[in-house]
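Numbering (the numbering used here), first residue to last: 23 to 145.
One structure below.
In structure tokens:
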């Protein structure tokens with residue numbers, strides 16, 4: 023995720039910046055309701071890239087939900103650790119957002135189950 027594409031979303035910023043982000047949030051929710059989870063996840067990534075440090079629209083609260091529904095377990099685990107290292111100087115993403123704790127556990131459980139299924143299928 024690049025730090026150089028941030029746009030200003032403060033109260034004094036260009037009103038169209040906020041309007042764009044509000045439309046994207048509504049579109050993400052619509053995509054999720056229609057079952058387009060991977061597309062919703064990609065829009066979450068885009069919106070998070072616009073303002074990664076402050077996340078004024080709560081994209082991090084949606085990101086894990088769509089990552090799990092899109093079955094992007096490994097990419098979510100990578101994202102959660104890299105995002106926190108890059109933007110919050112924290113090694114542990116679980117300290118920042120409680121939803122990361124649950125989602126990380128779910129992803130690790132599912133991945134462990136898939137590995138176990140693969141191991142038993144070979145025997």
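C-beta: ideal position from N, C-alpha, C; glycine also.
Residues near residue 99 by beta carbon distance below 6 Å, same chain, minus five either side: Cβ within range, chain order: 129.
Where are the alpha helix (DSSP H) runs, 4 residues long or more, that stay fully inside the region 23 to 74, in chain order? Within the region 23 to 74, the complete alpha helix (DSSP H) runs of at least 4 residues are 37 to 55 and 59 to 72.
Given residue 96 as reference, the closest of 41, 126, 55 and 45 once Cα atoms are compared: When only C-alpha atoms are compared, the closest one is 126.
DSSP on residue 15, reduced to helix/strand/coil? There is no way to answer for residue 15, as the model of the chain reaches only from 23 to 145.
Report yes or no: do three or more beta-carbon pairs, one from the region 52 to 65 and one from the region 25 to 35, lie closer than 8 Å? Two segments are said to touch when three or more pairs of C-beta atoms, one from each, lie closer than 8 Å; by this definition the region 52 to 65 does not touch the region 25 to 35.
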